[in-house]
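Chains as they are written, first to last, in the working numbering: chain A, 3 to 118; chain B, 170 to 280.
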């Protein structure tokens, strides 16, 4: 099955600096890669996603890049702000069983701290 | 819309006790999921449902049962709780699209 590795596990940056979180996946058939932000005491919330036919996607201060050949994708946050402090999860969607069900496999999370 | 709601928010159980976690969504979503979140392990799929009356096992189903009698509700049951089931449980739902909408979570402690 799919295996998603995420690095780093913790990341501290100064306000205004950029933050980069990297993930690798194992299943070359994976075709959808979402990123979730989880604030303390809340459930994960989708912040950006990318499909396998796209190399880069940007939404204001957040961007995601995908390298299908190397099977890795990254989240880039520019001009970080204290409200960006949270746990970020990457994920990959792939076929999971013989029934054709596609399941999302999550990375282990990155705790981002933005220091004012 | 309330989105995805979960009850209860917190619960402490003794080993061997049973309980049911309730997930409700008001978005008319077909797909619903139960995950558990443990430190350093991300989110792992326990069970899922592709529609009313259907359920299927995820990657860590042992010790849990589920039911989807109504489209808007997805129940997760623990028949005989064990300390290894101490975790934070998240419910999620989605339409035919890819985005999953998560509930706020239930923190369960089994002593």
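Here a beta-carbon is modelled for each residue, glycine too, at the ideal position from N, C-alpha and C.
- Going by beta carbons, residue 77 (chain A) and residue 23 (chain A) fall inside the 7 Å limit.
- In this model, residue 218 (chain B) and residue 18 (chain A) are separated by some 42 Å (Cα to Cα).
- CA-CA distance, residue 183 (chain B) to residue 214 (chain B), rounds to 24 Å.
- No Cβ of chain B is located within less than 7 Å of the beta carbon of residue 18 (chain A).
- Within the DSSP bridge table, the entry for residue 246 (chain B) names B:189, B:234 as partners.
- Measuring C-alpha to C-alpha distances from residue 233 (chain B) to each of B:211, B:212, B:258, B:222 identifies B:258 as the nearest.
- Around residue 171 (chain B), the same chain offers 195 as residues with beta carbons nearer than 7 Å, after the five sequence neighbours per side are excluded.
- It is roughly 34 Å from the alpha-carbon of residue 256 (chain B) to the alpha-carbon of residue 60 (chain A).
- Pairing residue 191 (chain B) with residue 221 (chain B), the inter-Cα distance amounts to about 15 Å.
- Here residue 195 (chain B) carries a coil assignment [DSSP, helix/strand/coil].
- Between residue 262 (chain B) and residue 200 (chain B) a beta carbon distance of about 6 Å is seen, short of the 8 Å cut, so the two are scored as contacting.
- Per DSSP, the continuous beta strand (DSSP E) segment holding residue 51 (chain A) begins and ends at 47-53.
- Comparing C-alpha distances from residue 208 (chain B) to each of A:118, A:71, A:63, A:89 shows the shortest one belongs to A:89.
- Interface annotation, residue 273 (chain B): in contact with chain A, CB-CB separation under 7 Å.
- Taking a Cβ-Cβ cut-off of 9 Å, residue 243 (chain B) has no neighbours in chain A, whose nearest Cβ is about 14 Å from it.
- At a Cβ-Cβ threshold of 7 Å, residue 52 (chain A) and residue 35 (chain A) count as neighbours.
- For residue 267 (chain B), at least one C-beta of chain A is nearer than 7 Å to its own C-beta.
- Within the stretch 195-219 of chain B, those residues whose Cβ lies closer than 7 Å to any Cβ of chain A are, in chain order, 209, 210, 211, 212, 214.
- Out of B:228, B:264, B:173, B:237, the CA that lies nearest to the CA of residue 212 (chain B) is found in B:228.
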